[in-house]
Structure formats: structure tokens, C-alpha cells
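Step one of this worksheet: look at the structure below.
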Amino acid sequence: MRMPADQVTRETFWTVGPVGKAVFYYLAAVAVALFLYGTYRRFARYADGDDDWFDRLDDLPGRVVSAASVVLSNRNQFDRDAYAGVMHAFVLWGFLTLLIGTTILGIDIDLWRPVTGESFFVGDFYLSYSFVMDAMGLLFVVGLAMAMYRRYTERDGRLWGKHTSLEDDAFVLTLFALGVGGYVIEAFRIVGTATETGSGLQFLAFEQVSFVGFFLAGVFAELGLRPALAETLYHWGWWSHALLAFGFIALVPYGKPFHMVSSFANVVTRDDKAGVRLPGVPADAAPDEIGYGSIEDFSWRHILDQDACTKCGRCSSACPAKASGRNLDPRDVILDLKRYREELDAGRTEAVDIVADGGSSVVAAESMESCMSCMACMDACPVDIEHVPQFTQLNRRLTETGQMDEAVQEAMMNVFQNGNTFGDPARNRPDWTDDLPFDVPDAREEDVEFLWYVGEYPSYDDRNRRVARSLATLFERANVDYGILYEDEQHDGNDVRRVGEEGLFEMLVEDNTEAFASATFEKVVTTDPHSMNTFRNEYPEVSEFDDPVFHYTEVVENLVEQGRLGLDGTELDYTVTYHDPCHLGRMNDVYDAPRDVIRATGVDLHEMPRNRSESFCCGGGGGGLWMDHDEETKPSEERLREALEDTDAGDDVEKFVVACPMCGTMYEDGRKTGDFEDDIDVVDIAELLCEALDERGASVPGPAGSPATAD
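So the sequence shown is residues 29 to 739, counted in this note's numbering.
What follows is the structure, given as C-alpha cells:
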């Protein structure tokens, strides 16, 4: 017999009674009040932070919609780790569904019924509601089971560290208990409302839509559970479940669960160019106000960063400094800062230096010197924590207090005095052109399409001068309209800024911008991705520089496509692999141009396992090129090992292709220190192209003066 629609429902406060209902609402109000107060205190603390250099709240509606898309799709969690993506998606979607379902039930009981005298929690609505809640609740439980399996069975190393605590266990176990407990209570209710017959229990037929609870009810019935006992168990189980839920809600702002709020706020206020461009320094800032020297110096967004950290360890597992044994764990730095701030706010510790060389500072200078500014940590972080900008602020503090690494100090002094880290006279910068059979145009004396910023390593370093000569040869053979600044060119300032020398960086911006202004050109092309990055993303922030900037592979790609180099793709037969430079790939999304150019030579290109945005840094960024570190394995050595052992071609790989002079320098060093000299050659893309042209004997492709477009 079909039951009337208004009887197809369940009683929310079954066995609770009026007094119990009043107690329930009182406890709910207390839990919500504690949640709101704690959340207010958290955001009030952010408001106490310093102003952020960049606008984080422009187009707030658009930011919220974008953040919701990121969070609900779980795409950041799926990146690099499909298992974690599925796990987090199940937990998030299940949690949100249960939250929405509870809210709907509250609306029915506390708003709809008092106003209309009727309930919409009946009939088809109730059946649909029950099915969806059971289905999504099951995903919630499965997701939590996956999390516990990875944490406690597999014991994934990145989930454990110095900041791992009982709080982490309590968080996941409480949610699991709430998820499983909900089904158990549902099963008690189904058994408690069943009818006993001579052949056993007869459940209400419509309860089958609650398929998980219905299944458990059948199991309990088979084990001998009867309605009277089920009703008693339901009563105590319901209260246990409610108290656990209220306790969880009340404690959300005071522990790890707050990441459910702070992480979303972090994604809303993210800077899409964070790390690619760095915050500046106020013009009137005193030396003791530059960088992060005390907790009061932190911007509100970087305090929010600390609270958004979920301890997932993705940043640590992606960090090449940590992998090579340097004294840096990006997660620990963020969490050390958080713990210090909270203990200082609570009066449990005395104020100390945020960063210093030795002593009792929160962060060791050695850790900051270990950072390569490669942004692997930021790319891996699912909640958009900005490690590199914070680390740069700490480096600025070290610089202003005279605690910079001696080798870096020497390099900075060379830049200040001579415009390059080698300490060579500026007049020697164009010496690399002497061995060319043609004259390199002077952009100060004639109008050009491309102003070629050669860079200091291609200008002064013997190994990289071959790269500069190769690129000049390509430009000549393709009749590119280009010119250079000769001795007026100075260090680009990219890594000068990242080691904390903001004043020197601003001086270089001024000098280079003035030098650029002395030439008439349409576009800038750089040999070094570091130069491209700072010209493209940072110079416009501090000067009137607004010219389009390209890496040479982007320009050469167009030359190849236009047939101006005369290649047909059969010139070379090497087996090669390609290393994505951090500043070219991860920071500026230039991935295809280098690969297209490499393939145009005819070589057999095999991808490394860690490629594109997941590329592993050479170790030279962030001042690493100028320092000697105590390392277990140099990043360059690990990368060359990966090329020979982990690519599909294995040890058939003959050449390790790079597109960055800094990478070339680091990998040539890695060949020697890692004993790879007989196994693999390091070659720049420009050199590879010239070799292909030599094999072909090409010399005059392309009409003179035709434009070499770069989009």
C-alpha cells in the first residue's frame, strides 16, 4: 500500500522531547557564537597586519567567483596528485552537501513551518533529499577513509613533519566520526521505527532511498537489534553526534579546521603574479623598516597565508633546496612564523628577530640563502600561499642588517661598481662580438625592430659567449632587424632583487630604462629568461618601461615558422631532452616555443618526468649561482641523473638542451661534479640551431629586412 505523501518523512527530534530540543538550540547558539567570535578575532588580526603592496580586493565579486571555481573544482588538488584530488573532492563536496542539507532542514523547521503551518520536508522532496544526502555523505566518508589510509597506512612522508600534532589527527578523525556516526544513527532510527512481525522486522519501504542507513539497519537487524533497544541507542547516539558536531563548529576558528575559511580567503585575495613580480619598498622607508624584521611588519595577506597552510607538504616535496639537503623546508618556514605569531600574541614567548644569521631567530638566514626563488613551492601549493614574496622580505631584512652571504655581497658590490657580477669593466661587455665574422648593430645608433638585451653571462662568461654568438648568427642568417646596447647594458636586476638588494635593483631599473630610452626599437628580446621576467613583469611596476618583451625562443620560433632559417627538420639525429627554465616556463608559461624550435632541427626530443610547470630548478636562482652550499646532491646533478635514467630514452639521451645561460652554467658544473662528462652534453637551443644550420649549409634564408614578428 502506498503511504500518503505527508507521511513520507522522518521526525527530526525523534526521542528528544521539548526540553531536549531547547537544550539543542541553546548549544547550537553557543557553538555558532563561539565560531563567529573566533572568526572575527582571526580577521581582526589580519586587519592589524601591514598594508599589502598590491591591491588584493579589486573586483571582489569577480575574485569570489573565480575562487569558488578553483575551490569547487578542486583543480589545485588534482594538480600533481590525482589521489589527493579525488580524496579532497569527495570530502569537500560531501561536507558542503551535508552542510547545505542541514541548512535546508533548519529552514523547514524554523522558518517554513512557523510561517505556513506546513512542512516541505515530505513526499518526493524528502525522498530526493534523503537519497542525495546518503550518496554525498558516502563520498564524504570514502574521502576521509582515503585520507586516513594515506596518512596512517602509507604514511606518506610529506604529511609528517615538525609541526605535525594531535590536532591533525583530531581533525580528520572527528570528521570521520561525524560521517560514519550519521549513518549509524540513521540505521538506529530505521530499526527503531520498524514493525516487528513473526518473520522479523518490517522496515518502512520508503526508507530504502537512504540506502547506506538502510543497509546498516539490515545488518543491525540480522545481528539481533530490535526496535526498543534501537530507539534507546538512537537517543544517546543522536546526542553524541550533536555534541561532537557542536564542538567541531565551535573550535573551527581555533585550530586546523579554520583552513576551510582561511584557504578560501587566500584564494580570493591571491595575486596571479605573486613571485613573478615582487612587492616594492616605500620610498620613505627607513633601513630598519625594510623587510620583515618583526611580526608587525608582515602584510595582512602574508599573515593570512600562515593561517591558510594545511600542512599538506606539497611545497616541501616540490622544493629543490629541500631535496638537495639544503637547510630549507618551505612549509616549516610558514608554520614557524605562524607559531611564533600565535605564541607572541598569547604572551607565551618573548619577541625575537624574525630572521638572523645564528641565534634564536624564528627563521635562520641559511634557510633564506638556500631558496632558489624558483616558485616550485608556490606552484605546488593548493591554497596559493606566497612563499617567495615572504622569503624575499626576509632576505631584505638580512641585507639591511648586514647579514648577507659574503659571496653574494661581493657579487652585489661588483654590480654596483661595474654593472655586472663578474666585476669586469663595462667596456668589456661587447667583447664577445669580436670573434664574429659580421658586425653586430648598435641600437644606440640606428633604429631596430628588436633591442637585444644580451645579458651578463652571455657577455662575460666564456661558455655562454658561445650562446650569444650563436644567437647573433641566427639573427644574421634570418636577416632580423636587431641591435644591442653594447657597454650601456647593465645587469637586469632580477636575482639582485630576489637576494634582498631592493635599492640596487631600483638603481639598475633606472639605469637600464635610461639606456633603453637611448635607442629606438619596437620590442625587446632577451637571451636570459631571468631578464625577460623582470623586464616584462617588474620594470613596469617601478618605471615607465612598457615595451613588449620576448625570450629569444619566442622570436626564433616565428623565424622557423616563416621558413627564414631554411630548416626542414632532417638536419640532426640526436636523442635529446629539454629542461624548462623556471623563469621561462613556470613563471611566464613559455613552454611550446622552445620545444617547437628544438624539434625543427630533426632531433628526437624526449620529455623529462618533471617537465613544464613541474620542472626541477637547476639551483642557480635566487643567488644560488653565486653561493656554495653544503648539499647532499646538487640540483643540477639530480637533474642530469634524471635525464639519463628517468626519461623514456634513458641513457640514449645524448644532449641536455637548455634555454637559459644560468641553467647552462649550473649544468656544466653539474656534469663535472656529478661525473657526467662522458655521458651527456649540455647545449643551448641557439647552439643546437646553429649546428643544424651548419649541417645544412644554410646561409641566406629570408628576405632582408622582413619583420620577425613575436606575439
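We put the CB at the ideal spot given by N, CA and C, even for glycine. Keep in mind the model is a prediction, meaning the values are calculated, not measured.
Which of the three DSSP states is assigned to Lys700 in this structure?
helix
Residue from Ser268, Val625 and Ala198 whose Cα sits closest to the Cα of Cys718
Val625
Taking buried to mean at least 16 other C-beta atoms within 10 Å of its own C-beta, is Thr427 buried or exposed?
buried
Considering just the uninterrupted stretch of the beta strand (DSSP E) at His634, what are its terminal residues?
Asp632 to His634
Could you give the residue range of the beta strand (DSSP E) that holds Thr554?
Lys551 to Thr554
Ordered list of alpha helix (DSSP H) runs contained in the stretch 105-147, each at least 4 residues:
110-135 and 141-144
Thinking just about the alpha-carbon of each residue, which of Leu600, Arg525, Asp596 and Leu502 is nearest to the one in Thr555?
Leu502
Among residues of its own chain, excluding the 5 on either side of Phe286, which ones have a beta-carbon nearer than 7 Å to its beta-carbon?
Arg70, Val280 and Asp335
Would you mind working out which of Gly303, His611, Tyr580 and Phe549 sits nearest His558, comparing C-alpha positions?
His611
Going residue by residue through the stretch 388-438, where are the continuous alpha helix (DSSP H) segments of at least 4 residues, counting only ones entirely within it?
393-398, 404-408 and 415-428
Identity of the residue in Ser487, Gly651, Ser643 and Asp381 nearest His607 by Cα
Ser643
Pick helix, strand or coil for Trp266, following the three-state DSSP scheme.
helix
Quickly, what does DSSP pair Leu232 with across the bridge? List them, please.
None, per the DSSP bridge assignment.
With a threshold of 8 Å, are at least 3 pairs of Cβ atoms found where one atom belongs to the stretch 158-169 and the other to the stretch 40-59?
no
Can you tell which of Ser238, Arg493 and Gly151 has its C-alpha closest to the C-alpha of Thr461?
Arg493
Is the beta carbon of Gly650 sitting closer than 9 Å to the one on Ser401?
yes
By the three-class DSSP mapping on this structure, what secondary structure does Ala384 have?
strand
Extract the residue ranges of the beta strand (DSSP E) inside the stretch 170-250, only unbroken runs of 3 or more that lie entirely within it.
223-225 and 228-230
Pop quiz: Ala687 and Ile713 are said to be a contact at Cβ under 8 Å. What is the actual Cβ separation, rounded to whole angstroms?
5 Å
Taking the alpha carbon of Glu566 as the reference point, which residue from Glu534, Phe549 and Asp412 has its own alpha carbon closest?
Glu534
Helix, strand or coil, according to DSSP, for Asp674 in the structure here?
coil
Buried or exposed for Phe216, please, with buried defined as at least 16 other CB atoms from any protein chain shown within 10 angstroms of its CB.
buried
Quick one: does Asp79 have its CB under 9 Å from some CB of chain C?
Protein chains in the displayed structure number just one, and chain C is not present.
How would you label Lys700, buried or exposed, when you count the other beta carbons within 10 angstroms and need 16 or more for buried?
exposed
Considering only the alpha carbon of each residue, which of Asp467, Arg298 and Tyr154 lies closest to Val411?
Arg298
Of all the options Thr221, Leu272 and His579, which has the alpha carbon lying nearest to the alpha carbon of Ala245?
Thr221
Leu536 in three-state terms, based on DSSP:
helix
For Glu659 and Ile318, what's the separation of their Cα atoms in angstroms?
30 Å
Nearest to Thr40 by CA position, among Tyr262, Arg183 and Ser156, is which residue?
Tyr262
C-alpha distance - Gly733 paired with Phe292, whole-angstrom precision
For Gly733, the predicted model reports a pLDDT of 41, less than 50, meaning its position is unreliable; a value from the coordinates is still stated below. One C-alpha to the other measures close to 53 Å.
Terminal residues of the continuous alpha helix (DSSP H) containing Asp452?
It is not in any alpha helix (DSSP H) - Asp452 carries neither H nor E in the DSSP assignment.
Cα-Cα separation between Ala671 and Gly597, rounded to whole angstroms
23 Å
With distance defined between alpha-carbon atoms, name the residue in Asp470, Arg505 and Arg342 nearest to Ala720.
Arg505
Reference Gln105, options Val212, Lys350, Ala175 and Gly134, closest by Cα:
Ala175
If I measure Cβ to Cβ from Arg73 and keep anything under 8 Å in the same chain, skipping five residues before and after, which residues do I get?
Ile331 and Asp373
CA-CA distance, Val583 and Phe466?
21 Å
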